[in-house]
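All residue numbers for the sequence shown refer to my numbering, where the first residue is 6 and numbers rise by one. C-beta atoms are modelled at their ideal positions from N, C-alpha and C, and glycine is treated no differently. Computed from a prediction, not measured in an experiment: that's the story for all the values here.
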Amino acid sequence: MSVALVTMGMAGLAVAIGSRGGEHTTLIVSIIMSLLAGACTFTTLPKLKEAFIKANLSGRDLLKPTKPLLPETLGLPAAIIYLITLFLFIPFPFINWFEGAHVVHEQDPHLGTFPYNKLGEILSAILAIQSMILLGFADDVLDVRWRYKVWFPAIAGIPLMIFYYTNKGVTYVVMPIQLRSYLGELVDLGPLYYVYMAMLIIFCTHSINILAGINGIEAGQSLIIAISVILNDLLYIFNNPDRSSVEAHLFSLYFMIPFVGVTSGLAYHNWFPAQLFVGDTFCYFAGMTLAVVGILGHFSKTLLLFFLPQIFNFIYSCPQLFRLVECPRHRMPRLDAETGLLMCSTVRFDDKQKPLSRLGRWALNILNGLGLLKVQAYDGQGRIRECNNLTLVNLVLAYFGPMSERNTTVAVLIIQSVASLLAFFIRYQLVHLVY
């Protein structure tokens, strides 16, 4: 691995020195380093499996008839390779400033200056991602309760928000056309904007973590979202006269291209039949990386459009997440041992042991009325006694299953891909009706 990473850095340096063509050269360097990072991830992970199993970082694949023991938390080495790639890449966006860089001169502000704010932006983003990886690994090892770990992303995002504040990041939002006569074109949220940023970081991180449970789904959904972000960035950086917009989306590309590289290598080994588990570490790492580029790239609303399946899954899961409805520890699908196919797992309500609250029953009735619930049994009074667990994966299986685990993952990723296409349509076609 060390040889590959040194080669990566030297290859990037050679390209940059040989051709000083601005951001296009820097993008070429990023692509080369990302390809090498992906190859490094692909070759390194199989060599680490035994070491992780010996360290008791392992778990049973419960959706296989033989329930094999697989190494867990292999998202950690992938995240480390990503961080090393970014560390090696840091000099390249500033290659043109290395000769004769100056700080701002008090008497002559027109002297050339080194973009310290740009360097601070990159370093704060890396620090936030690195902090999230550390906290994610702590969760994998210590199995932290949800009531505590739900705040981990906001804590890891503090360096990002401090940088945003000290560099006078904008805190206003553009109002929809329909509201401008009442609120004006711009509304300054002030401190509430930082609350929004923290909530965005928390959502992006945990939304990937709760849409999980089958081989390949965590890495797969992250990969599709990242590719969607890259395509969106590319639409902005070419033939765009707004230099600040170009810089923001170049920043996003510098983080997303290596992410696609390492995630591709990880996804290969996590695909059905999985040779390893990615762990919560990867989910936290992926969510924070996507949130970072959305915030500092100033396209958080577009990013949320790419998270439409995750938004649906979160809202759909709310009755169980907030304990209105019984929520088992694992809501993964159920394996039919005879056929080897997956079926939706169910939750059963027992009025004698734990009665269903009125609010919980109301939530289930609404979902049932919308066709989003597969009721397995009713009681004597016509009330829901058993239904599918409230996740997107179980909903897919409830209406299209039983299916193999591979086909279930493919079905969810098709939904993710269609959602990205819908996001692009909304962003570039329907947006004119609102903004």
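{"Check": "Beta bridge counterpart(s) of Ala42 as assigned by DSSP", "Outcome": "None, per the DSSP bridge assignment."}
{"Check": "Integer-rounded CB distance, given that Val267 should sit under 8 Å from Ala83", "Outcome": "5 Å"}
{"Check": "Phe430, buried or exposed, once every other Cβ within 10 Å from all chains shown has been counted against 16", "Outcome": "exposed"}
{"Check": "Closest by C-alpha distance to Arg366, when choosing among Ser350, Arg390, Gly385", "Outcome": "Arg390"}
{"Check": "Buried or exposed (CB count within 10 angstroms, at least 16 for buried), Leu372", "Outcome": "buried"}
{"Check": "Exposure of Glu410, with buried meaning 16 or more beta-carbon neighbours within 10 Å", "Outcome": "buried"}
{"Check": "Which of helix, strand or coil DSSP assigns to Gly266", "Outcome": "helix"}
{"Check": "Distance CB(Gly221)-CB(Glu77) smaller than 8 Å", "Outcome": "no"}
{"Check": "Span separating the alpha-carbon of Leu40 from that of Leu91", "Outcome": "13 Å"}
{"Check": "As assigned by DSSP and simplified to three states, the class of Asp341", "Outcome": "coil"}
{"Check": "Per-residue burial, Glu126 [other beta carbons within 10 Å of its own, 16 or more giving buried]", "Outcome": "buried"}
{"Check": "Length of the line joining the Cα atoms of Tyr201 and Phe311", "Outcome": "18 Å"}
{"Check": "Nearest-angstrom Cα separation, counted from Met348 out to Leu340", "Outcome": "6 Å"}
{"Check": "6 Å CB neighbourhood of Ser233 in its chain, flanking five on each side removed", "Outcome": "Phe311, Ser425"}
{"Check": "7 Å CB neighbourhood of Tyr87 in its chain, flanking five on each side removed", "Outcome": "Ala42, Pro263, Phe264, Val267"}
{"Check": "The region 312–320 touching the region 247–263, judged by at least three CB pairs closer than 8 Å", "Outcome": "no"}
{"Check": "Cβ-Cβ distance between Asn318 and Leu397 below 8 Å", "Outcome": "yes"}
{"Check": "Proximity winner among Leu375, Asp145, Gly406, relative to Ser63 (alpha-carbon distances)", "Outcome": "Asp145"}
{"Check": "The region 134–148 contacting the region 276–296, beta-carbon criterion three pairs below 8 Å", "Outcome": "yes"}
{"Check": "Neighbourhood of Leu281 by C-beta distance below 7 Å, restricted to the same chain and skipping five residues each side", "Outcome": "Leu50, Lys54, Leu75, Pro76, Leu79, His274, Asn275"}
{"Check": "Check whether Ile219 and Cys288 have beta carbons under 8 Å apart", "Outcome": "no"}
{"Check": "CA-to-CA distance, Met166 to Lys359, given in whole angstroms", "Outcome": "43 Å"}
{"Check": "Met180 (DSSP reduced to helix, strand or coil)", "Outcome": "coil"}
{"Check": "Asn393 (DSSP reduced to helix, strand or coil)", "Outcome": "strand"}
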